[in-house]
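Asker: Would you mind keeping the following structure in view while I ask a few things?
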Amino acid sequence: MSNADRGLSREQIQKQLDASLKRLKVHYVDLYQCHRYDFDTPLEETMEALTRAVTSGKVRYIGFSEWPLDRIEAALELKNVVRFVSSQPQYSLLHREPENGLLSLSAKAGISQVVWSPLAQGVLTGKYLPNSPVPANSRAADPSMGAFLNPDWLAPATLEAVQEVGQLAANAKLTVAQFALAWVLRQPNVTSAIVGASRPEQINDNAAASGAHVEPSLFTEAERLLPSH
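The following block contains the structure:
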């Protein structure tokens with residue numbers, strides 16, 4: 001893919017979809033999501049191209065990631081185009097921006113959330129300690145990956161608050177990570193959370209958050225303790 005291969009124009013959607021199908025060796029994809037809004041392409045062109053992708057049988061459903069609210073609303077108002085079914089926002093105890101309109105708008109429109117970074121790039125696992133060096137094998141220690149970490153999340157005050165949330169998690173018989181995932185999944189509009197794992201056992205630990213029973217008061221206290229950035 002060259003630097004020119006970007007955006008959500010009719011040409012790019014068709015070109016990149018066909019390339020993806022070829023790489024995946026499949027005839028269609030279940031969900032095709034548009035990551036970031038393309039301000040250089042008319043919304044009508046993007047939605048018509050996505051509709052064509054669905055009617056052609058190459059895509060079953062469409063979604064978006066990190067689109068501005070007004071652009072989502074504009075897309076929903078268009079006639080004779082396929083409707084979005086999914087949204088992929090960043091959402092965690094440390095980043096609650098989706099609560100400022102996205103969740104309510106999506107719920108009304110029948111759009112579900114597939115959230116990314118529910119553990120705030122690993123900060124909500126509790127492995128980063130206040131006033132201590134970052135672990136050698138952590139994301140924060142990696143020069144390339146660490147650049148994506150919000151520096152406010154590694155501030156001593158934030159990390160101290162995460163440790164306090166760890167006590168709340170212990171009261172619910174959960175790890176900090178499980179507690180943070182359960183908080184995200186408590187939201188009715190969230191259908192799934194995208195998590196990573198560096199070890200097989202982490203997959204099982206993360207999965208245990210699904211269906212976990214946590215007293216609402218513990219979540220409320222966690223929200224009070226942790227600032228949203």
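Residue numbers (the working numbering): 1 to 229.
Glycine is no exception: its CB is placed at the ideal position from the N, C-alpha and C atoms.
Name the two residues that bound the continuous beta strand (DSSP E) containing Trp183.
Answerer: Residue mapping note: residue 183 aligns to position 183 of the sequence shown, counting from 1. Careful: Trp183 lies outside any beta strand (DSSP E), inside the alpha helix (DSSP H) at Val176 to Leu185.
Asker: Between which residues of its own chain and Gln236 is the CB-CB distance below 6 Å, once the five residues before and five after are set aside?
Answerer: As shown, the chain starts at 1 and ends at 229. That puts residue 236 outside it, with no answer to give.
Asker: Measure the alpha-carbon distance for Ala109 versus Asn131 and round it to whole angstroms.
Answerer: By 1-based counting over the sequence shown, the position of residue 109 is 109. By 1-based counting over the sequence shown, the position of residue 131 is 131. Ala109 and Asn131: Cα-Cα distance of roughly 45 Å.
Asker: Return the chain-ordered list of same chain residues with a C-beta closer than 6 Å to the C-beta of Ser51, the five sequence neighbours on each side being excluded.
Answerer: Residue numbering aside, residue 51 sits at position 51 when the sequence shown is read from its first letter. According to the sequence as given, residue 51 is Thr; it is not Ser. Only Val81 and Val82 meet the Cβ criterion.
Asker: In terms of residue numbering, what span does the beta strand (DSSP E) encompassing Phe39 cover?
Answerer: Taking the first residue of the sequence shown as position 1, residue 39 is located at position 39. Neither: Phe39 is in no beta strand (DSSP E) and is coded neither H nor E.
Asker: Report the partner residues of Ile194 according to the DSSP bridge assignment.
Answerer: Counted from its first residue, the sequence shown places residue 194 at position 194. Its beta-bridge partners are Trp116.
Asker: In angstroms with no decimal places, state the Cα-to-Cα distance between Ala161 and Asp18.
Answerer: Here residue 161 corresponds to residue number 161 of the sequence shown, with the count starting at 1. Here residue 18 corresponds to residue number 18 of the sequence shown, with the count starting at 1. Cα to Cα, the separation comes out at about 47 Å.
Asker: What do you get for His95, buried or exposed, if any count of 16 or more other CB atoms within 10 angstroms of its CB means buried?
Answerer: If you number the sequence shown from 1, residue 95 lands on position 95. Label assigned to His95: buried.
Asker: Per DSSP, which one or two residues make a beta bridge with Tyr32?
Answerer: Within the sequence shown, numbered from 1, the residue matching residue 32 stands at position 32. Answer is Ile62, bridged to Tyr32.
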